[in-house]
Structure formats: C-alpha cells, structure tokens
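S.K.: Below is one structure. I have some questions about it.
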Amino acid sequence: MRLWRSVVGKLWATFLLLVSFVLFILTVMLLEFFDNYHINQIEKGLTNTANKIARILDEHDLEVGLEIAWELVDENTKIIIIKGDDEYYYSPNKNETFELPLSYLYEDKGLNAVFTENKPVNKVSSYFTQDDEDLDNPDVLIIGVPLPESNTEDGAVFIYQSLEVMQETTQSTTKFIFLAAGVAIILTTVFAFFLSTRITAPLRKMKEAVSAAAKGNFDTKVPFLSNDEIGELAIAFNQMGRQLKYNMDALSQEKEQLASILSSMADGVFTFNKDGAILITNPPAERFLHSWYYEQENDNNKMVPPLVMELFLTAVETEEEQIGEINVQGRNWVMIISPLYNQKFIRGAVAVIRDMTEERQLDKLRKDFIANVSHELRTPIAMMQGYSEAIVDDIAGTEEEKQEMAKVIYDESLRMGRLVNELLDIARMEAGHIQLTREAIDVKPFIRKIIRKFQGLANNKNIRLSESLESKPLWASFDPDRIEQVLTNLIDNAIRHTPEDGKVIVSEKSDDRGLVIEVIDSGSGIPEEDLPFVFERFYKADKARTRGRSGTGLGLAIAKNIVDAHKGQITVQSKLGQGTTFSIFIPRNND
Numbered sequence: 001m002r003l004w005r006s007v008v009g010k011l012w013a014t015f016l017l018l019v020s021f022v023l024f025i026l027t028v029m030l031l032e033f034f035d036n037y038h039i040n041q042i043e044k045g046l047t048n049t050a051n052k053i054a055r056i057l058d059e060h061d062l063e064v065g066l067e068i069a070w071e072l073v074d075e076n077t078k079i080i081i082i083k084g085d086d087e088y089y090y091s092p093n094k095n096e097t098f099e100l101p102l103s104y105l106y107e108d109k110g111l112n113a114v115f116t117e118n119k120p121v122n123k124v125s126s127y128f129t130q131d132d133e134d135l136d137n138p139d140v141l142i143i144g145v146p147l148p149e150s151n152t153e154d155g156a157v158f159i160y161q162s163l164e165v166m167q168e169t170t171q172s173t174t175k176f177i178f179l180a181a182g183v184a185i186i187l188t189t190v191f192a193f194f195l196s197t198r199i200t201a202p203l204r205k206m207k208e209a210v211s212a213a214a215k216g217n218f219d220t221k222v223p224f225l226s227n228d229e230i231g232e233l234a235i236a237f238n239q240m241g242r243q244l245k246y247n248m249d250a251l252s253q254e255k256e257q258l259a260s261i262l263s264s265m266a267d268g269v270f271t272f273n274k275d276g277a278i279l280i281t282n283p284p285a286e287r288f289l290h291s292w293y294y295e296q297e298n299d300n301n302k303m304v305p306p307l308v309m310e311l312f313l314t315a316v317e318t319e320e321e322q323i324g325e326i327n328v329q330g331r332n333w334v335m336i337i338s339p340l341y342n343q344k345f346i347r348g349a350v351a352v353i354r355d356m357t358e359e360r361q362l363d364k365l366r367k368d369f370i371a372n373v374s375h376e377l378r379t380p381i382a383m384m385q386g387y388s389e390a391i392v393d394d395i396a397g398t399e400e401e402k403q404e405m406a407k408v409i410y411d412e413s414l415r416m417g418r419l420v421n422e423l424l425d426i427a428r429m430e431a432g433h434i435q436l437t438r439e440a441i442d443v444k445p446f447i448r449k450i451i452r453k454f455q456g457l458a459n460n461k462n463i464r465l466s467e468s469l470e471s472k473p474l475w476a477s478f479d480p481d482r483i484e485q486v487l488t489n490l491i492d493n494a495i496r497h498t499p500e501d502g503k504v505i506v507s508e509k510s511d512d513r514g515l516v517i518e519v520i521d522s523g524s525g526i527p528e529e530d531l532p533f534v535f536e537r538f539y540k541a542d543k544a545r546t547r548g549r550s551g552t553g554l555g556l557a558i559a560k561n562i563v564d565a566h567k568g569q570i571t572v573q574s575k576l577g578q579g580t581t582f583s584i585f586i587p588r589n590n591d
C-alpha cells in the first residue's frame, strides 16, 4: 500500500495506465485504419475499372468493348454488364464461387438505385450462390455504374470482388499489433519503475526548496548530484531563486521610489485602465477629486468628472494627447491626458493635472498692476498739469488762488511720492532686501502709543477706539518701526471703514509659540469673494470708494511682506455687515 501512495508508485501506475491507454487507442485506430484503408483502396480501384468499362462500351462496338472489359480484371474480380432486361453479360472468370444473380441486383434497394436514379452505387454484401450456409464465406464488395444514355437507357456495369484476401491481411496485422502492444507494456513496466525512482529522489529535494521559496526564502539551494536534465533543473532553480530575489528587491525599490515620486509631486496624477476606471492617484489628485465630489454633493468616489472622462475617451480614440481645463471650487485645473500602450494596444491612460489658479491670478495681477499704477498716476499728473497751466496762463486772479493751486500741486506731488515709495518698498521686500532692526519691546506701551495717535481721528468720527491687553507684562522681539507701520495701516483702515457709533478694538495675547495682535472693527466687512485677495497689490474690495478715502491699495500688501519678513503670519476674517478681524502672529523664535 505504501508503494501505491508514494510518488514512485503513482508514477509507475501513471506510466502503465498511460501507455496502456495509448496502446489501446492506437490499436483500435490502426485496426480501423487498415480495415478502412483496404476497403477504400479496393472500392476506388473497382470504381475506376467500372467507369473505364462504361466508357469503353460507349466508345467501341459491343464485342470489342466486352473483350477489352474482360481483360481489365483479374480472376478474383467479376463483371456483370446489363444492357437491358434481357441482355446481360458475365465476365468469363474461372472462379464461380461468388457469382451474383441478376435478381439480387434488381431487388436490392441500394444496388437498384443505379437503374432507378441513374447514379453510381457501392455495397459490401454477404450474398453468395453457395448452397452450404455453414461455410465461412467472405464478404463481397459490389460497385455499380450506370451506362451512358447514348448506349442504353437502362444499363449498368456491376463489378464485385471478394474481401477474403483483405480480411486475412487484417487478421495478420491485428496479431502483430497485439504482440507489439504486449511487449511495449512489459518494457514500460520495467522502465517506468526504474525511471520513477531516479526522478523522484531529486524532485523531493526540489519540492522542499520550492516550498521555502513560496514562503519568501529565495536563498534556499537545491543540490545537483547529476549532470542530466534533473541536475540542470536544479542549477536553473538555484539561478531562478537568485534572480527572483534580485527582481523582488528591485521591484520593491521601484515601487517605493514611484510611490515617493508620486506623493511628492505638486501635480496630480491619475492612471486609468482601458475602461476609464481610476487605478492610481497621488495626494494632489485625491484633493482634486475630493473637491469635485464635494461640489457635486456626490458620495460615489468611483465616479470620474465628465470632462475628465470625455478627454480620456478622446485620447483613447484618437491615440493623441488631450488637454483640457476644469474649474472646481473656484480653482482652475489644467489636465493633460496621454494614452498608455501595452506593446501595440492601448491599455489605459495617464492624466497629469495642475492647479493653475495662482499662475492665472499672478498673470491677472501683472495686468492689473500696470493698469492700477497707470490709473493711480494719471489723476495726480492730470491735476498737476491742469493747475500748472492755470498758473502759467495767469488764470488765477488773486494771490490766494495761486497759493491754493500751488498747494494742490504740492499735495498731488506728495501723493505721487508716497505711491512711488510704497512701490519701491514692496519691490525691496519681495526681493528679500528688507532690513529689520529687532529689539526687545514691551508690547503694552507700544500698542498704547499707536492707539493714542488715532484717538483724535476716532473721536471725530464718533468711533470708540479701545484696547484689550493681557494683565501680565509681555515682551517680544521685532522691528518696532515696521510693526508700527503694519498696525498703523490696519487701525487706519478699520477707522475709515467703520461707520459712526462703531468700535475698533486692538487686542494682544501670547502663548508658547509667540505673540498675536488683533485689530477688530464693527465696520462694513469684506465680501467673501474678496477675502483671498486683500493682501495683493492695488486690490480694493470696495470699488465704489473714492480715491482720497481708499488710498493706493498697497498698505495691506506692505503689511504682509513686513510680517513675512518676521517669519510670522497675517490673516483676515470677515463677514459682510458684521465687521473684520486682522490677526498678526509673530513667532517667539524668529531668528
């Protein structure tokens, strides 16, 4: 029982069953082949002879045709030529043991078709003229061919031959095949047992190594004790293990490298399969999809934005790179989709998406900067030119009028100077050339001093300007002149944009991270769509305000650059009609 359960027994039994099955199938097929082959050859020969006799009878006289027909067959073949109901001829062969009567030819349905349907027929028959039914008589192959209509309307040529010789040949072939099969089975039994024992020993060792490799241990070695195919297989397995280990390490490194590259990219990356399903995304791409899902109020995270799907389908159909732009949550995204190929066929596509909001805004700011500077300079230049012409043309009649015109010219020149200086300050700050003089400042007196400067202006507008300071002493390190410039701008804006009976509060607080100063007003507030742009140059939320009240639009931009130079942060919170809060954060360690 152990033998049949072992690999040796199973291989032995498998070889025996396989060889036996193959030999059985081969024997049956060979016997069938030889049987059919001999019958087909005899049938083909007799058919050709019958057709030739029919053609000879059609081309020659009857006597000549019959003489030629009898010469075409041997003694084992019999011919019957039927010219009509009463005219027929038998070939003069000496072998009369299997002569067929005419009645059999007319009465048999298969053979009678040569008369009724005028077509060739063939049949293997067991009909004989012998009287002893106990004799082992061979079968006879009968071929019938109709005579041409020009010769007779109801004539045919029948030729038939005994299959005794073929059957004897088939029996001899069968005996030889069975003998060869028996010898093959005996030899297979011996060699199968020997071969299975030789193969299974190294295979068992190889199985152990494969099991170890399947668990991830690619360092396992298979000993090779022979120089045959088994030994070569062992060598190849060891090489495969080393190559697999190298490839797995390389794939792991490539995967980590690709993941790191995708994660660190500022652009979003998608990969699609050929059906348009998203396979891989990096963090920027996930943020884009999250924004789109949020905007669409859709929880199905497997959906792809329609524009993206349209570009994908176009790229796959045309096999060309496609570029498109999509707006999501107020941000502009430019997408490039390129098809991916698997040799010659498209297997999907890769999409690279970039947030172009800042670039578009910068381009807009550049255009707006030129327009704003031109606009800001045009009015004072026009006023200076107009009043100068009035003085030159002596339009002013009195000295007081001349003095008033000169004062307007002087004020506009100061205004142009302030604008140019502020532009130069911003340019130096953005170029990193701002110089800070940091000092240890007592925050409370510093803030109170700035508040006192605006008390008169606040009282004139009936606005309550107050402070909200911590009780404990607070010291911080910053440039007092620059921070005073920032707070001056913020408080001045708060007073100008707060109606009568409003209030402006300056507060300060600190923690372990640093100092926070807030300027809070109860004014008109800033529209939500303007909040992201309040710190940009020349940006004015209230486009209807007069130039004299709204200034140049550079104050908050300068304030942001000053705070950034302190490595701090300035932010704004506002609701329309409820007020605005500007917050300045200066870190404790900002060296």
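Per the UniProt record's numbering, the very first residue in the sequence shown carries number 1; after that it's consecutive. For glycine and all other residues, C-beta sits at the position ideal for the given N, C-alpha and C.
1. Name the two residues that bound the continuous alpha helix (DSSP H) containing residue 459.
2. Output the residue ranges of the alpha helix (DSSP H) runs that lie fully inside the segment 458 to 540 and measure 4 residues or longer, sorted by chain position.
3. Residues in the same chain with beta-carbon distance under 6 Å from residue 19, minus the five sequence neighbours each way, listed in chain order, please.
4. Going by alpha carbons, who is nearest to residue 46 out of 124, 13 and 28?
5. When you compare only the Cα positions, how much space is there between residue 317 and residue 348?
6. How about residue 572 and residue 534: do their beta carbons lie closer than 8 Å?
7. Just to confirm the assignment, what range does the alpha helix (DSSP H) spanning residue 112 have?
8. Unbroken beta strand (DSSP E) runs of length 3 or more, entirely within the segment 17 to 102: which are they?
9. With DSSP collapsed to three states, give me the class of residue 544.
10. How would you call residue 392, buried or exposed, if buried means at least 16 neighbouring beta carbons within 10 angstroms?
11. Give me the Cα-Cα distance between residue 263 and residue 337, rounded to the nearest whole angstrom.
12. Go ahead and label residue 14 buried or exposed: buried means 16 or more other beta carbons lie within 10 angstroms of its beta carbon, across all protein chains shown.
13. Look at the alpha carbon of residue 377 and the alpha carbon of residue 401, and state the distance between them as a whole number of angstroms.
14. Under 8 Å: do the segment 228 to 244 and the segment 271 to 280 share three or more Cβ pairs, one atom per stretch?
15. If contact is defined by three or more beta carbon pairs under 8 Å, each pair taking one atom from either stretch, is the segment 561 to 568 in contact with the segment 502 to 511?
16. Given this structure, state the Cα-to-Cα distance separating residue 81 from residue 57, to the nearest angstrom.
17. Using a 10 Å radius around the Cβ and a threshold of 16 neighbouring Cβ atoms, would you call residue 582 buried or exposed?
18. Since residue 473 and residue 442 are thought to touch, with beta carbons under 8 Å apart, how far apart are those beta carbons, to the nearest angstrom?
19. Please tell me whether residue 206 and residue 234 are closer than 8 Å, where the distance is taken between their beta carbons.
20. To the nearest angstrom, how far is it from the Cα of residue 99 to the Cα of residue 186?
21. With distances taken Cα to Cα, identify the nearest neighbour of residue 527 among 404, 577 and 87.
22. In angstroms with no decimal places, state the Cα-to-Cα distance between residue 580 and residue 252.
23. Excluding five sequence neighbours on each side, which residues of the same chain lie with their C-beta closer than 7 Å to the C-beta of residue 339?
24. Count the other CB atoms, across all protein chains shown, that sit within 10 Å of the CB of residue 437; report buried if there are 16 or more and exposed otherwise.
25. Could you check where the alpha helix (DSSP H) with residue 310 kicks off and where it finishes?
26. For chain C, check one thing: does any of its Cβ atoms lie closer than 8 Å to the Cβ of residue 334?
27. Quick check: residue 352 and residue 269, are their CB atoms within less than 8 Å of each other?
28. Could you have a look at residue 321 and say whether DSSP puts it in helix, strand or coil?
29. Suppose you measure from the CA of residue 16 to the CA of residue 25; what does that come to, to the nearest Å?
30. Find the nearest neighbour of residue 148 within the set 164, 161 and 120, judged by alpha-carbon distance.
31. Just checking, does the segment 99 to 116 make contact with the segment 53 to 72 on the three C-beta pairs under 8 Å criterion?
32. Between residue 12 and residue 181, is the Cβ-Cβ spacing less than 8 Å?
33. For residue 266, report the span of its beta strand (DSSP E) as first-last.
34. In whole angstroms, give me the CA-to-CA distance for residue 161 and residue 42.
35. Taking residue 332 as the reference, which of 343, 354 and 323 has the closest Cα?
36. Which residues bound the alpha helix (DSSP H) around residue 563?
M.R.: Reading off the structure:
1. Looking at the DSSP string, the run of the alpha helix (DSSP H) that includes residue 459 is 443 to 460.
2. 480 to 496
3. 188
4. 124
5. 11 Å
6. Residue 572 places its beta carbon less than 8 Å from that of residue 534.
7. 109 to 116
8. You should have 77 to 82 and 88 to 90.
9. For residue 544, the predicted structure reports a pLDDT of 42, less than 50, and the residue's modelled location is therefore unreliable. The matter cannot be settled from this model.
10. exposed
11. 19 Å
12. exposed
13. 25 Å
14. no
15. no
16. Going by the C-alpha atoms only, they are around 10 Å apart.
17. Classification for residue 582: buried.
18. 7 Å
19. yes
20. 48 Å
21. 577
22. 53 Å
23. Contacts found: 315, 316, 319, 346 and 349.
24. exposed
25. 306 to 318
26. Absent from the structure is chain C; it holds one protein chain and no more.
27. yes
28. coil
29. 14 Å
30. For residue 148, the nearest C-alpha among the options comes from 120.
31. No, they do not touch.
32. no
33. Premise fails: residue 266 is in no beta strand (DSSP E) and is neither H nor E.
34. 8 Å
35. 354
36. 555 to 565
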